[in-house]
Each structure stands twice: as C-alpha cells, then as structure tokens.
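Have a look at this one:
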C-alpha cells in the first residue's frame with residue numbers, strides 16, 4: 003500500500019511539473035463548457051425563405067403576409083427569376099423557395115384548386131423535412147381561413163378531428179443545455195483522462211525512465227494502479243467542476259443522487275483509464291499512442307449517442323456500444339441527472355461499466371511487461 | 002533548394018520508418034468514414050414507445066397499428082395508468098408514451114373530436130421533437146383517411162414540394178462531408194503538432210538549429226511530406242465515399258481537390274504552430290486534440306446547423322476554420338456549385354494558412370533557452 007502511495011505521489015509531481023498541463027486540465031473543460039453548451043440547439047427557427055410571386059394578387063399577398071407573420075420563417079428575398087432563386091439556394095442565402103404561379107388568386111377565389119411549388123434545400127434532411135412541414139402548416143391554415151370566409155363551401159367544423167397535445171417530461175421547455183451539458187462533460191473528462199494517462203505511460207517508455215521502475219520490486223498491478231489513480235482523481239474533480247458550472251451558470255436540474263452519479267463516473271473512468279493504459283502498453287512512441295487514442299476516442303464519442311439518437315443507429319452499431327463505456331455513461335448520466343433514476347433503474351449500465359472496467363484493467367496489467 | 006530537399010527526404014524517412022503510424026494515418030480516415038457514414042444519423046428509427054390506452058376501442062387500435070407499422074417506432078408495451086409513466090421513463094428505453102383519452106372512438110364520432118397526447122422524454126430534446134413531429138404527421142394522415150373525401154375537396158391550395166440536392170432525404174449526404182472535414186483537420190494537425198516538439202524533446206532540435214536551414218525552410222520541410230500523404234488520403238476518402246455511399250461529386254473534381262489541398266495545408270500549418278508553441282509532445286497533443294475536437298464537432302455545422310445557434314455564435318463559428326471548409330465541400334460535392342459561390346470561404350482559408358505559417362516563423366526560436 004505504501005508503495006502505491008509513493009508511486010501516486012511521483013505521478014502527481016510529474017503531472018503538475020508541466021505548468022501548461024496543470025492549468026489546462028482544469029481550464030480547458032471550464033472554457034469549453036461555457037462556450038459550447040449554450041451553442042447547441044436542434045430547434046429550427048429563422049428559416050430563410052425566398053418568394054417568387056408570379057401572381058401578385060390579393061390572395062398571394064395574403065399568403066406572403068401570413069408567412070411573414072410566423073416566427074419560423076424569415077423572408078429574405080423576393081424575385082421573379084428562378085435562376086436567381088437557385089443561386090440563393092446554392093449560396094446558402096436561403097433554405098426554401100416558394101413559387102406562387104400566375105393565376106393562383108384567380109383560381110382560388112373562384113373556388114378551383116390551385117398549385118404552389120416549394121423547393122427545399124434538403125441537404126440536411128431533418129431541417130429540410132421540418133421546414134417543409136411548417137410551410138405546409140401555414141399554407142393549410144391559410145386554406146382554412148379562405149374556406150371559412152367563403153360560406154358556400156363545406157364547414158370544416160363538421161369533420162371529426164383528433165386533437166393532439168404534447169408534453170415534454172423532465173425538460174418542459176426543451177432546453178438543449180440540459181441535454182448537451184452531460185454529454186460535453188463526459189467527452190471532456192474522457193478525453194483528458196484518456197490522453198494524459200496513456201501519454202504519460204508511453205512517455206516513460208520513450209524516454210527510458212520506465213526502466214528505472216522495472217528494476218524495482220514494484221509489482222505490475224501496483225504500477226498500473228499508480229498510473230490510474232491520479233487521473234481518476236483529476237477526472238472526478240473535472241466532473242465536479244463541470245457540475246458546479248452547470249448548476250450555477252445554466253441551472254441544470256439535478257434530480258437524482260449525486261453519490262450515484264459519482265459512483266457511475268468512477269467506474270467509467272476506471273474503464274477508460276484501463277483502456278488507455280492497455281493501448282499504451284501496445285504503443286512504442288507517443289505518436290503511435292496519439293493516433294490509436296484518436297481512433298478509439300472518435301469512434302467511442304460519435305457512436306455513443308451523445309449527439310445523435312442511439313436508436314437510429316444500425317443494429318451492429320448498437321451491439322458494438324455494449325463495450326463502449328462512453329455510450330453507457332452518457333445514458334446513465336442523463337438518466338440520473340435529469341430523470342432522477344435510481345440505482346435499480348440503472349443497474350444495467352452499472353453492470354456493463356463494471357465489466358468493461360474490470361476487463362480493460364486486467365488487460366493492461368497482463369500486457370504490461372517489466373522485461374524489455 | 003538542395004538543402005531543403007535533403008531535409009524533406011529526412012522527414013520522409015522519419016515517417017516511413019514508423020510503419021505503424023503510417024498504417025494508422027491511412028487506415029483511420031478510411032475506417033472512420035465507413036463507420037460514421039453508416040452510423041451517424043439524426044433521423045429516428047425504431048424509437049421505443051409505450052401506449053396508455055384508456056379507451057381501448059377499435060379506432061385507437063387502428064391508429065396505434067398505423068403508427069407502429071411506420072417503422073419509426075417500436076412498441077414497448079402498454080401501460081395501465083398515469084402513474085406508470087414516470088417509472089417507465091426512468092428505465093430509459095422508452096422515449097415516448099401515447100395517451101388516448103377515455104371513450105376516444107365515441108368522442109370522435111359523436112362530438113367530432115377526440116384527444117390524444119404525446120408525452121415524450123425531454124431529456125433528449127432532439128428525439129422528443131422528432132417523435133412528436135413524426136407522430137403528429139401520422140395521426141393527421143390517419144385523420145384524413147377517416148374523412149377521406151370530405152377534406153380533400155376543401156383543399157384549395159395544393160402545395161407541391163421538391164427536395165433539392167437530396168431527394169431521398171438521406172442522412173449521409175450531410176454527414177460524410179462533415180466527417181471528412183473533421184477527420185482531415187484532426188489528423189493533419191495531430192501529425193504536424195508533434196514533429197517539432199519531438200525534436201525539442203529528444204534534443205535533435207539543436208542539430209537542426211546549427212544547420213544552415215532557415216526557420217521557414219524547416220517549417221515547410223516539415224509540412225511537405227505530410228502534405229503529400231494527406232493528399233493521397235483525401236483521394237482515397239473521396240473514392241470511398243463515392244463507392245460505398247454513392248456520394249456524387251457534382252461539381253468540378255479539380256476544384257474540390259484544390260480546395261481540399263488548401264484545407265490540408267491550413268490544418269498542417271496550424272499543427273506546426275501548435276508544435277512551435279508547445280514545450281512537450283504531451284502538451285502539443287493535448288492542445289491539438291482537445292482544442293480542436295469538440296469545437297470542430299460542435300461549431301462547424303457538422304451535426305448542428307449554425308443558423309439555429311444563438312446570434313453570438315455566428316461570430317464564434319467564424320473563428321473555427323472547419324466551418325468554412327464544410328460549406329465548400331458540401332457545395333462542390335452535393336450542390337455542384339463552382340468557385341463563384343465559394344471564393345470568400347476559399348480566401349479565408351488561404352489567409353488563415355498564411356497567418357499560421359507567418360506566426361510559426363516569427364515564433365520559431367533559433368536559440369536554445
């Protein structure tokens with residue numbers, strides 16, 4: 003035990019000797035959280051719309067006014083030239099073009115159906131679909147208005163309607179900060195632990211100081227534990243800092259038990275550090291470690307469901323995520339923080355994280371060779 | 002010039018000696034494009050939904066069948082009363098619950114209206130919004146079918162839509178260019194960020210400093226080999242995304258390659274600058290990895306459109322170099338536009354490259370401390 007404590011002390015001295023790193027491990031997460039968390043929303047607003055009004059009747063102007071009144075659209079330009087409209091789409095100046103054909107007003111006021119043509123930039127499929135759905139909504143409202151002003155037509159009230167109400171639990175206003183903060187925090191904590199712990203070990207190899215440890219009676223497991231503990235502590239401090247920022251700056255709710263959250267995060271960090279040390283035993287130079295770590299981390303992060311819905315991924319990707327600690331932790335964090343899930347609710351995540359932690363650490367201890 | 006070529010040759014030897022890194026440099030982008038092209042999507046599929054049907058009549062049955070046959074949702078079972086909702090959400094696999102009021106069917110026919118509510122788990126707002134939107138569309142559709150002709154005849158305005166650039170609404174049109182942007186900058190910056198610090202840390206920097214090479218020559222010599230490697234890389238990536246995802250290059254291939262080279266050069270010079278400013282490799286890796294990864298993923302418009310962000314971020318995203326390249330690559334590959342639409346972005350990347358190289362040269366210390 004005393005051996006481990008001395009080794010841990012050595013690690014801390016080594017980490018904090020580099021002035022930049024000792025500031026950055028706490029500074030970078032704080033700065034990035036403050037900048038990145040409020041940036042992200044999926045909420046679509048201010049869709050730039052370009053109008054080609056070939057009709058210029060009272061009806062077409064009525065429709066345009068209605069669109070102008072909605073907060074969703076922003077009419078940025080109107081033109082008569084289709085080519086100009088296409089150029090606007092090409093240069094991202096507008097996302098949608100609505101073309102009102104000649105004779106639109108005439109047809110409608112005489113009770114005959116008329117067409118409208120919309121062109122949507124669907125490069126981002128979601129934004130494209132949603133904007134089209136909104137435009138459709140405004141048009142059908144306008145439709146209803148015209149019909150109710152014309153007494154001769156069928157009354158819509160007579161038709162059976164299903165009313166839909168919707169509510170968002172745990173996040174009434176759909177505040178994206180609630181969603182982003184746990185995600186960004188997990189990434190930062192992972193990245194710092196993963197990078198520094200692994201680099202630290204490879205650096206000793208590269209510079210040769212690992213020889214000095216190898217000739218001492220220090221056991222393999224003692225050495226690995228001593229390499230893990232400092233980064234575990236740093237990771238937990240970063241996590242605590244992040245949560246304090248979340249609470250104070252973004253007033254993120256905290257429904258569940260803090261103890262549970264830290265328990266889960268500790269197991270997670272052991273898993274990540276175990277993997278980092280395992281990879282570092284396989285790498286000869288810091289450069290090799292850096293690229294391997296980059297590969298693993300980007301895959302873990304983008305496949306974890308932090309930014310994109312987990313269920314949409316193909317089955318094989320969801321299966322892969324069983325061994326992805328980031329995927330488990332992100333789910334766990336959101337459950338505990340926002341929904342107040344208990345240890346029973348999260349038993350599955352905790353079990354998987356523990357198993358991953360155990361395996362990676364064992365791998366690291368086994369793979370570390372004291373002989374050159 | 003001869004000296005410079007000799008130096009470039011030395012750098013090439015450094016790179017080729019470490020064949021593992023070389024494999025990784027070529028392997029990573031290929032593997033990641035393949036994985037993320039298939040995996041990263043923002044639409045929903047098979048989201049778990051439970052039903053609380055207080056009515057249990059034929060209409061609600063038909064409606065739930067219609068919803069679940071759409072392929073967007075998976076039925077996670079029925080709830081019996083309101084109090085189960087919280088417990089169900091807390092388990093984490095159910096993203097939404099549909100509640101049908103009592104006597105739904107008879108209300109619909111006798112009183113002309115019936116109500117259902119969609120309760121979603123707001124802890125994942127993107128999923129919640131999508132589920133609500135998709136379900137609403139399906140229910141409205143169902144509603145129209147119920148009253149088939151009655152409504153159609155009153156639809157005076159019949160809007161038609163054309164989904165431009167991406168008629169099949171595929172997610173990877175958006176994500177493959179994004180992943181290319183992300184991976185290129187990270188790989189390039191990581192590669193060069195360790196080159197100079199490595200020489201500093203191992204003491205070989207002294208050898209370079211006493212040689213007649215000028216700082217600019219050292220910097221360009223470090224960049225050149227990686228530039229060639231990355232250029233082969235981008236060609237491989239483009240071929241892959243074309244073969245596997247059928248992603249077209251609608252615009253000019255030459256222009257796309259030229260823009261990619263410029264972007265690569267910018268990323269490499271950024272790496273060099275980081276390398277010159279750092280004392281150890283650890284520090285350089287820390288800066289280029291942590292400093293670039295999240296801002297590139299979040300602020301470049303890769304997953305999250307910049308237009309939806311609060312106003313300040315219009316400015317913030319302008320400092321993030323990948324945000325320019327994403328516009329360029331999407332424009333050329335998918336929209337098929339030419340230089341006339343992207344010359345501004347191109348100029349910005351060009352000046353950023355000059356800035357990074359200029360700063361590197363001026364910060365380059367020719368003396369040992």
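Chains as they are written, first to last, in my numbering: chain A, 3 to 374; chain B, 2 to 370. No residue lacks a Cβ here, since even glycine has one placed at the ideal position from N, Cα and C. Fair warning: this is a prediction, and the values are worked out from it, not measured in the lab.
Next on the checklist: Is there a Cβ of chain A sitting closer than 8 angstroms to that of residue 127 of chain B, yes or no?
Outcome noted: Working through the second chain from its first residue, we reach residue 127 of chain B at position 126. Taking Cβ atoms only, chain A reaches closer than 8 angstroms to residue 127 of chain B, which makes this a yes.
Next on the checklist: Suppose you measure from the CA of residue 320 of chain A to the CA of residue 312 of chain A; what does that come to, to the nearest Å?
Outcome noted: For the purposes of this step, residue 320 of chain A is identified with residue 318 of the first chain, where counting begins at 1. For the purposes of this step, residue 312 of chain A is identified with residue 310 of the first chain, where counting begins at 1. Residue 320 of chain A and residue 312 of chain A: Cα-Cα distance of roughly 7 angstroms.
Checklist entry - Any C-beta of chain A sitting closer than 8 angstroms to the C-beta of residue 12 of chain B? => result Taking the first residue of the second chain as position 1, residue 12 of chain B is located at position 11. Closer than 8 angstroms: no.
Checklist entry - With 16 other CB atoms within 10 Å as the buried threshold, where does residue 3 of chain B fall? => result Residue numbering aside, residue 3 of chain B sits at position 2 when the second chain is read from its first letter. It counts as exposed.
Checklist entry - Mind checking residue 36 of chain A: buried by the 16 CB within 10 Å criterion, or exposed? => result For the purposes of this step, residue 36 of chain A is identified with residue 34 of the first chain, where counting begins at 1. Looking at its Cβ environment, which holds fewer than 16 other Cβ atoms inside 10 Å, residue 36 of chain A is exposed.
Checklist entry - Short check: CB of residue 326 of chain A to CB of residue 175 of chain B, under 8 angstroms? => result Start at 1 with the first residue of the first chain, and residue 326 of chain A comes out as number 324. Start at 1 with the first residue of the second chain, and residue 175 of chain B comes out as number 174. Their beta carbons are not under 8 angstroms apart, which means residue 326 of chain A does not touch residue 175 of chain B by this criterion.
Checklist entry - Is the CB-CB distance between residue 281 of chain B and residue 202 of chain B below 8 angstroms? => result As a position in the second chain, residue 281 of chain B is number 280, starting the count at 1. As a position in the second chain, residue 202 of chain B is number 201, starting the count at 1. Yes, the Cβ-Cβ distance between residue 281 of chain B and residue 202 of chain B is below 8 angstroms.
Item to check | Burial state of residue 341 of chain A (16 or more Cβ within 10 Å) | outcome: Here residue 341 of chain A corresponds to residue number 339 of the first chain, with the count starting at 1. Buried: at least 16 other Cβ atoms inside 10 Å.
Checklist entry - Relative to the C-alpha of residue 337 of chain A, which residue among B:83, B:65, B:62 and B:88 is closest? => result As a position in the first chain, residue 337 of chain A is number 335, starting the count at 1. Nearest option by C-alpha distance: B:88.
Item to check | residue 98 of chain A - partner residues in DSSP beta bridges | outcome: Reading the first chain from its first residue, position 96 is the one you call residue 98 of chain A. In the DSSP output, where bridge partners are listed per residue, residue 98 of chain A has A:51 and A:122.
Next on the checklist: Contact defined as beta carbons within less than 8 angstroms: I believe residue 318 of chain B pairs with residue 300 of chain B. What is the distance between those atoms, to the nearest angstrom?
Outcome noted: Position 317 of the second chain, counting from 1, holds the residue named residue 318 of chain B. Position 299 of the second chain, counting from 1, holds the residue named residue 300 of chain B. Residue 318 of chain B to residue 300 of chain B, Cβ: 5 angstroms. Contact.
Item to check | Cross-chain neighbours of residue 186 of chain A in chain B, by beta carbon under 9 angstroms | outcome: Counting from 1 along the first chain, the entry for residue 186 of chain A is found at position 184. 295 and 299, listed in chain order.
Checklist entry - Measuring CA to CA, which of A:357, A:183 and A:149 is closest to residue 32 of chain A? => result Here residue 32 of chain A refers to the residue found at position 30 of the first chain. With distances taken between Cα atoms, residue 32 of chain A lies closest to A:183.
Checklist entry - Name the DSSP bridge partner or partners of residue 76 of chain B? => result For the purposes of this step, residue 76 of chain B is taken as the residue at position 75 of the second chain. In the DSSP output, where bridge partners are listed per residue, residue 76 of chain B has B:50.
Checklist entry - Would you say residue 172 of chain B faces chain A, with C-beta separation under 8 angstroms as the test? => result Translated into the one-based positions of the second chain, residue 172 of chain B becomes position 171. Judged by the 8 angstroms Cβ criterion, residue 172 of chain B is in contact with chain A.
Checklist entry - Beta carbon of residue 293 of chain B, beta carbon of residue 138 of chain B: below 8 angstroms? => result To locate residue 293 of chain B, count along the second chain from 1; it is residue 292. To locate residue 138 of chain B, count along the second chain from 1; it is residue 137. Not in contact: residue 293 of chain B and residue 138 of chain B (Cβ atoms no closer than 8 angstroms).
Item to check | chain B contacts from the region 101-133 of chain A (Cβ-Cβ distance under 7 angstroms) | outcome: 110, 115, 116, 117, 118, 119, 120, 121, 122, 123, 124, 125, 126, 127, 128, 129, 130, 131 and 132
Item to check | The beta strand (DSSP E) enclosing residue 78 of chain A, as first and last residue numbers | outcome: As a working note, residue 78 of chain A is residue 76 in the first chain. Its beta strand (DSSP E) spans residues 75-80.
Checklist entry - Which residues of chain B have a Cβ atom closer than 7 angstroms to the Cβ of residue 274 of chain A, listed in chain order? => result Counting from one through the first chain, the residue named residue 274 of chain A turns up at place 272. None at all; the shortest Cβ gap to chain B is about 15 angstroms.
Item to check | Cross-chain neighbours of residue 30 of chain A in chain B, by beta carbon under 7 angstroms | outcome: To locate residue 30 of chain A, count along the first chain from 1; it is residue 28. Those are 291, listed as they occur along chain B.
Item to check | Through-space distance from residue 330 of chain A to residue 354 of chain A, alpha-carbon basis | outcome: Translated into positions along the first chain, residue 354 of chain A becomes position 352. Translated into positions along the first chain, residue 330 of chain A becomes position 328. Computed Cα separation, rounded: 8 angstroms.
Item to check | Residues from the region 42-60 of chain B in contact with chain A, defined by Cβ distance under 8 angstroms | outcome: 42, 43, 44, 45, 46, 47, 48 and 49
Checklist entry - So what's residue 161 of chain B in DSSP terms, helix, strand or just coil? => result To locate residue 161 of chain B, count along the second chain from 1; it is residue 160. DSSP places residue 161 of chain B in strand when its eight states are reduced to three.
Item to check | Nearest candidate by alpha-carbon position, reference residue 92 of chain B, set A:351, A:266 and A:367 | outcome: Translated into the one-based positions of the second chain, residue 92 of chain B becomes position 91. Minimum Cα distance to residue 92 of chain B is reached at A:351.
Checklist entry - Which whole-angstrom value describes the C-beta separation of residue 96 of chain B and residue 72 of chain B, a residue pair presumed to lie in contact below a C-beta threshold of 8 angstroms? => result What you label residue 96 of chain B is simply residue 95 of the second chain in a count that begins at 1. What you label residue 72 of chain B is simply residue 71 of the second chain in a count that begins at 1. With 8 angstroms as the limit, residue 96 of chain B and residue 72 of chain B do not qualify as a contact, their Cβ atoms being about 15 angstroms apart.
Next on the checklist: Using a Cβ-Cβ cutoff of less than 8 angstroms, which residues in the same chain neighbour residue 106 of chain B once the five nearest sequence positions on both sides are dropped?
Outcome noted: For the purposes of this step, residue 106 of chain B is identified with residue 105 of the second chain, where counting begins at 1. Closer than 8 angstroms at Cβ, skipping near neighbours: 56, 58, 59, 60, 61 and 115.
Item to check | Cβ contact (3+ pairs, closer than 8 angstroms) linking the region 94-109 of chain A and the region 14-34 of chain A | outcome: no
Checklist entry - Exposed or buried, residue 213 of chain A, counting other C-beta atoms within 10 Å across all chains shown (16 or more means buried)? => result Locating residue 213 of chain A in the first chain gives position 211, where the first residue counts as 1. Looking at its Cβ environment, which holds fewer than 16 other Cβ atoms inside 10 Å, residue 213 of chain A is exposed.
Item to check | residue 199 of chain B - containing alpha helix (DSSP H), residue span | outcome: Here residue 199 of chain B refers to the residue found at position 198 when the second chain is read from its first residue. Element bounds for residue 199 of chain B: 196-203.
Checklist entry - To which residues does DSSP link residue 169 of chain A through a beta bridge? => result Residue numbering aside, residue 169 of chain A sits at position 167 when the first chain is read from its first letter. BP columns for residue 169 of chain A point to B:120.
Next on the checklist: If we require 3 or more residues per run, which beta strand (DSSP E) segments fall completely within the region 287-337 of chain A?
Outcome noted: none
Item to check | Option nearest residue 199 of chain A by Cα separation, candidates A:170, A:230 and A:318 | outcome: For the purposes of this step, residue 199 of chain A is taken as the residue at position 197 of the first chain. Considering only alpha carbons, the answer is A:230.
Next on the checklist: Please report the straight-line C-alpha distance between residue 110 of chain B and residue 64 of chain B, rounded to a whole angstrom.
Outcome noted: Mapped onto the second chain, residue 110 of chain B falls at position 109. Mapped onto the second chain, residue 64 of chain B falls at position 63. Between residue 110 of chain B and residue 64 of chain B, the C-alpha separation is close to 15 angstroms.
Next on the checklist: By the 8 angstroms beta-carbon criterion, what residues does the region 308-319 of chain A contribute toward chain B?
Outcome noted: 309, 310, 311, 313, 314, 315, 316 and 319
Item to check | Nearest-angstrom beta carbon gap, residue 278 of chain B and residue 364 of chain B [assumed within contact, 8 angstroms] | outcome: Your numbering for residue 364 of chain B matches position 363 in the second chain. Your numbering for residue 278 of chain B matches position 277 in the second chain. Right, the Cβ-Cβ distance comes to about 6 angstroms (below 8 angstroms), so this counts as a contact.
Next on the checklist: Between B:331, B:320 and B:81, which has its C-alpha nearest residue 253 of chain B's C-alpha?
Outcome noted: Within the second chain, the letter at position 252 stands for residue 253 of chain B. Looking at the Cα atoms, B:331 is the closest of the given residues.
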